[in-house]
Ligand code: WQD
């Protein structure tokens, strides 16, 4: 085994895909998840893909005693990938205290316990949300962090500061902060994918559920932005590509490839794609005509943001490979599988 890795929130969308890639790379994986926005079925899916069932414990990272018990039971953990967090931008505006409590305390608990159990490395799941509305695109890691547009985005900014301050204080911890752009798609096997509880907040699951007839119609939030076709522009990155970046980041820390104790990388393709372009691509790839209408803007939306991936490509040594066509095809294949299984 290359090492033993704790994946918090590992039953979730990005966490489950990362668990697969960690196992493929020879890591032993322990998953904790409170299952508040995920299902243990995802653990079954991971096992069907890799043939290895990760250790799974239902646990909330806010449960300090539970974490201590976990670290007592599973000795010799070499690193943590921390995904567990509440992540709906809109919901965070309605319930800010839930977001601050959950997203900040869970990280603080882990950072407090890491030195006690000799766990030196943590990869933190951050977001391009920390940049706010960029002054220019593509955006690189030196861009200023602007006042967050939502409590969700603010928790990501504060979490990054908590990590930096903890490391600066001399704690025996190294961290790599990964700022995701827009993760989409599903594992090509369609054994795991994005499965939001209730009405999807994010674009792709809403598109695939509309195409499946589960949702009546997709609302496109605004076509009066200062963009080529008026709809917002994003950097949509394949979730398997994104998962692989976490393995590269862990390898980098375990092999001590950098003297920096905190590093930040933007994980994106470098291509800006508009919402309407994405809809057209989905229709082209799947042959399904999508029922959508243009409505007013959504509060808090960024107009346009896409990554400058130079640092991730040339320092971290990772590059997004999957095309938008293949990624949207994988999202649709996953939705079809959910229907086949009678899940939705
Ligand atoms: C993308 C675009 C919407 C739904 C957020 C977080 C980010 C990450 C992903 C967690 C926007 C438009 C959407 C719909 C639409 N969070 N849209 N109709 O807001 O870019 O990013 O979620 O990992 O950190 O900031 O993602 O998918 O919600 O929206 O028109 O029904 O699609 O207006 O322009 P977003 P999104």
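Residue numbers (the numbering used here): 8 to 351. Built from N, CA and C at the ideal position, the CB exists for glycine as well.
- Following the DSSP letters along the chain, one finds residue 112 inside the alpha helix (DSSP H) bounded by residues 103 to 120.
- One thing to note: residue 272 has its Cβ within 8 Å of the Cβ of residue 186.
- Below 8 Å, too few C-beta pairs join the stretch 260 to 280 and the stretch 191 to 205 to call them touching: fewer than three.
- For residue 296, the number of other beta carbons within 10 angstroms of its own is below 16, and it is reported as exposed.
- Shortest Cα-Cα distance from residue 23 to any of 264, 141 and 249 involves 249.
- Residue 159 counts as buried, since at least 16 other C-beta atoms from the protein chains shown sit within 10 angstroms of its C-beta.
- Assigned with DSSP and collapsed to three states, residue 214 falls in helix.
- Beyond the five residues adjoining it in sequence on each side, residue 128 comes within less than 6 Å, by CB distance, of 86, 181 and 260 in the same chain, given in chain order.
- Within the stretch 135 to 206, the beta strand (DSSP E) runs of at least 3 residues that lie entirely inside it are, in chain order, 181 to 187 and 189 to 191.
- The beta-carbon distance between residue 338 and residue 215, rounded to whole angstroms, is 5 Å. This is short enough to meet the 8 Å contact definition.
- Exclusion of the five residues before and after residue 148 leaves 271, 273 and 318 as the residues of its chain whose Cβ lies within less than 6 Å of its Cβ.
- In this structure, the C-beta of residue 239 approaches ligand 1 to less than 7 Å from one of its heavy atoms.
- In this structure residue 67 is buried. Its beta-carbon is surrounded by 16 or more other beta-carbon atoms within 10 angstroms.
- In this structure, residue 331 lies away from residue 188, with their beta-carbon atoms at least 8 Å apart.
- About 20 Å separates the beta carbon of residue 254 from that of residue 170, a gap too long to meet the 8 Å contact definition.
- For residue 10, the enclosing beta strand (DSSP E) covers residues 10 to 15.
- The alpha carbon of residue 93 has as its nearest neighbour, out of 75, 113, 78 and 77, the alpha carbon of 113.
- Secondary structure of residue 240 (DSSP, three-state): strand.
- At least one heavy atom of ligand 1 is found less than 7 Å from the C-beta of residue 190.
- Contact between residue 246 and residue 63 is ruled out by a C-beta separation of about 20 Å, above the 8 Å threshold.
- Under the three-state reduction of DSSP, residue 253 is assigned to helix.
- For the stretch 277 to 317, the continuous beta strand (DSSP E) assignments of 3+ residues that do not extend past its boundaries occur at 299 to 302, in sequence order.
- With fewer than 16 other Cβ atoms from the protein chains shown falling within 10 Å of its own Cβ, residue 350 counts as exposed.
- In the DSSP annotation of this structure, the continuous segment of the alpha helix (DSSP H) that includes residue 72 starts and ends at 71 to 80.
- A straight line joining the alpha-carbon of residue 141 with that of residue 288 spans about 25 Å.
- In chain order, 60 and 61 place their CB closer than 8 Å to the CB of residue 54, counting only its own chain and leaving out the 5 sequence neighbours on each side.
- Residue 157 is positioned such that its CB atom lies closer than 8 Å to that of residue 99.
- A residue is called buried when at least 16 other Cβ atoms come within 10 angstroms of its Cβ; residue 302 does not meet this threshold and is exposed.
- DSSP, read as helix, strand or coil, puts residue 33 in coil.
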